[in-house]
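With UniProt numbering, letter number 301 in the sequence shown gets 301, and the count goes up by one each step, no holes. We put the CB at the ideal spot given by N, CA and C, even for glycine. Everything on this sheet refers to the single structure shown next.
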Amino acid sequence: MEQAGKSRRGDRDMISSLPDCLIHLIMSFLTAQQAVRTCVLSKRWKHLWTTLPFLDFDVLKFECDGESEGGDPQSIKLEKFRDFVSMTLLLREASDVHTFRLFCFGISPLPKCHMFVRSWIAYALKHNVQVFKFDYDCDHHLLLLPSSLPLGFFNCASLVDASITYIFPLLNIINVINLPCLRRLYLEDIYLDQDVVDKLLCGCPVLELLHLKDCDREYSTINSQNLKYLVVEDRVSYLETEREMELINTPNLLSFRYTTNIKSFGPKMFLKVPSLTSAYVCINDMSWEGSKSCFKGKSNILIGLSNVQNLKLSGSMLKDLLEKELSNCPEFSNLKDLSVDELCLSCHFNLLASFLNRCPYLEKLSLKDAVYCKSQMHGIQELLKIAPFNGKRLTTVEFKFYKREKSFPQVVKYLQDITENSRAQINVTSISFRY
């Protein structure tokens with residue numbers, strides 16, 4: 001009798017007995033197509049998808065049943081994806097949408113594609129979407145067409161989190177931006193001039209996180225009293241001319257990540273971030289000429305970061321940055337954790353030593369992906385004459401080197417010498433190859 005009871009309990013559909021809200025949470029990990037297919041499981045599941053508040057439409061994950069007879073398979077798949085999205089939204093009940101993800105990269109060749117995309121987004125806006133993720137390619141021949149983002153998007157009162165990847169849309173047609181609840185904004189491959197940036201920052205009064213990746217940045221100033229987290233990534237540059245000046249004025253910013261190439265880097269880069277506690281700066285030389293680009297004009301990146309507690313410096317232009325700004329840098333009195341990547345320790349360890357002497361309260365130093373030129377580590381005796389780093393609070397030094405390099409013992413010896421007044425533990429790790 002007891003065994004029969006256990007068997008019946010084992011055969012019971014426990015998931016179907018859960019309330020709708022929990023089943024919807026489980027279904028949130030499915031694409032919209034997978035969620036719709038659950039309607040065949042049982043009567044309990046027949047209409048659950050029609051009230052699902054999490055909608056994920058991804059053309060790359062879309063499965064096209066059956067083989068097409070004639071025609072281009074990719075075009076047929078795109079057409080079926082378009083029809084599926086339209087039909088799903090048509091048959092769905094009029095309940096709110098919490099998360100709406102639309103990934104339709106490659107759909108632009110379809111006739112009137114921007115009209116369909118605009119209608120799908122308008123549906124999400126009408127149903128009080130809170131999290132919006134949009135990835136859409138706009139071919140060059142469609143750039144003059146109206147944006148697939150309906151104008152109502154820029155006045156959505158329910159939007160909290162927005163992520164938009166959109167190849168060069170014309171956002172300068174926007175007159176008013178009013179997103180009163182938006183806290184997080186991610187923009188990638190979007191044209192941004194100063195007017196659009198000003199409207200965004202003024203129209204998003206509670207915006208805390210702004211992430212700009214590979215945008216066509218035709219602006220020079222980011223001015224916000226509310227931003228707490230700012231990420232700017234410019235791995236490629238679409239600029240034909242250099243900016244005359246770049247200013248980031250965010251007095252309440254806590255974290256700043258800045259990845260750029262020297263072509264996108266303004267000759268006059270100024271930071272006004274007095275509340276900043278954590279920063280990452282990576283500047284690379286992406287020029288095709290084969291010669292190193294040079295810093296021009298004046299900038300105060302390091303000076304602007306003098307209040308941080310955690311700092312990571314990286315990039316092929318790090319040496320140039322240190323040479324340019326180090327002499328004017330104040331004391332980094334709050335800095336406790338410093339990470340330095342891609343600095344040629346064979347030739348420029350003196351720059352690191354000079355920087356360390358401005359960090360009296362440093363507790364942890366990390367030297368990762370150490371770069372060495374082909375020349376021998378010249379002037380090691382002269383380097384040892386530099387005043388030892390008085391890092392009495394330094395407890396950990398992490399040093400990563402490449403096995404084939406021959407200079408690392410001298411660098412380790414120098415690390416021991418400059419930390420002779422501290423009780424720092426030096427951890428050495430070898431790498432078998434360069435990344």
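To the nearest angstrom, how far is the alpha carbon of residue 36 from that of residue 153? One C-alpha to the other measures close to 26 Å.
So residue 322 and residue 362 are supposed to be a Cβ contact under 8 Å. How far apart are they, rounded? Contact doesn't hold; Cβ gap of about 16 Å is too wide.
Under 6 Å Cβ to Cβ from residue 160, same chain only, skipping five residues before and after it: list those, please. So the qualifying residues of the chain are 130, 181 and 183.
Mind checking which residues open and close the alpha helix (DSSP H) that includes residue 79? In this chain, the alpha helix (DSSP H) harbouring residue 79 covers 73-91.
Residue(s) in a DSSP beta bridge with residue 189: In the DSSP assignment, residue 189 forms no beta bridge with any residue.
When you compare the CB positions of residue 308 and residue 328, do they come within less than 8 Å of one another, or not? Result no, Cβ atoms of residue 308 and residue 328 do not sit closer than 8 Å.
Bridge partners for residue 255 per DSSP, in chain order? DSSP output for residue 255 lists 229 and 278 as bridge partner(s).
Given this structure, state the Cα-to-Cα distance separating residue 359 from residue 394, to the nearest angstrom. Using only the alpha carbons, I get a separation of about 10 Å.
Less than 8 Å between the C-beta atoms of residue 216 and residue 191, yes or no? It is a contact, given that the beta carbons lie within the stated cut-off.
Burial state of residue 314, where buried means 16 or more other Cβ atoms lie within 10 Å: Result: buried.
Would you please state the rounded distance, in angstroms, between the beta carbons of residue 185 and residue 210? I believe it to be under 8 Å. At roughly 5 Å, the Cβ-Cβ gap stays under 8 Å, so residue 185 and residue 210 are in contact.
Identify every residue that forms a DSSP beta bridge with residue 247. In DSSP, residue 247 forms a bridge with 221 and 270.
Residue 100 and residue 122 - do their beta-carbons sit closer together than 8 Å? Result no, Cβ atoms of residue 122 and residue 100 do not sit closer than 8 Å.
Inter-residue CB distance, residue 164 and residue 187 (contact presumed, cutoff 8 Å): Right, their Cβ atoms sit about 6 Å apart.
Contacts around residue 367, its chain only, beta-carbon distance under 6 Å, and the 5 residues preceding and following it disregarded: Closer than 6 Å at Cβ, skipping near neighbours: 340 and 399.
Rounded to whole angstroms, how far is the Cβ of residue 326 from the Cβ of residue 302, which I believe are closer than 8 Å? The pair is a contact, with the Cβ atoms about 7 Å apart (cut-off 8 Å).
Complete beta strand (DSSP E) runs within the stretch 333-369 (minimum length 3 residues, chain order): As far as the stretch 333-369 is concerned, its whole beta strand (DSSP E) runs of at least 3 residues are 337-341 and 364-368.
In its own chain, which residues sit with a C-beta less than 8 Å from the C-beta of residue 63, not counting the 5 before and 5 after it? Spatial neighbours of residue 63 in its own chain (CB-CB distance under 8 Å, excluding positions within 5 residues in sequence) are listed in chain order as 33.
Minimum C-alpha distance to residue 223 - residue among 117, 196 and 65: For the residues 117, 196 and 65, the minimum Cα distance to residue 223 belongs to 196.
Residue 56 to residue 234 span [Cα, whole Å]: Looking at the two C-alpha atoms, the distance is approximately 28 Å.
Coarse secondary structure for residue 44, derived from DSSP in three states: In the three-state DSSP reduction, residue 44 falls in the helix class (H, G or I).
Where residue 144 falls, given that 16 or more other Cβ within 10 Å makes a residue buried: Its pLDDT being 37, under 50, residue 144 is placed unreliably by the model, and nothing is read from it.
To the nearest angstrom, report how far apart residue 151 and residue 119 are at their CA atoms. Their backbone Cα atoms lie some 11 Å apart in a straight line.
Once you ignore the five residues that flank residue 249 on each side, which residues in its own chain have a CB closer than 6 Å to its CB? The residues are 223 and 272.
Reduced DSSP category for residue 284 - H, G, I as helix; E, B as strand; rest coil: Judged by DSSP in its simplified three-state form, residue 284 adopts strand.
By alpha-carbon positions, which one of 226, 262, 212 and 194 ends up nearest to residue 220? Of the listed residues, the one whose Cα sits closest to residue 220 is 194.
Looking at the structure shown, is residue 425 part of a helix, part of a strand, or coil, going by DSSP? The answer is strand: DSSP assigns residue 425 an E or B state.
Rounded separation between residue 280 and residue 255 - CA only: Their Cα atoms are separated by approximately 8 Å.
Residue 357 versus 342, 338, 343 and 344, residue with shortest Cα-Cα distance: Considering only alpha carbons, the answer is 338.
At which residues does the beta strand (DSSP E) containing residue 101 begin and terminate? Going by DSSP, residue 101 is part of the beta strand (DSSP E) stretching over 99-103.
Using CA atoms only, rank isn't needed, just tell me which of 52, 13 and 42 is closest to residue 25. Per the Cα distances, 52.
Let me confirm a value: residue 260 is counted as buried when at least 16 other C-beta atoms fall within 10 Å, else exposed. Which label applies? By the 10 Å Cβ count, residue 260 comes out buried.
Alpha-carbon spacing of residue 114 relative to residue 278, whole angstroms: Residue 114 and residue 278 have their C-alpha atoms roughly 41 Å apart.
Quick one: give me the first and last residue of the alpha helix (DSSP H) that residue 55 is part of. Careful: residue 55 lies outside any alpha helix (DSSP H), inside the beta strand (DSSP E) at 54-58.
Residue(s) in a DSSP beta bridge with residue 397: Residue 397 is bridged to 365 and 426.
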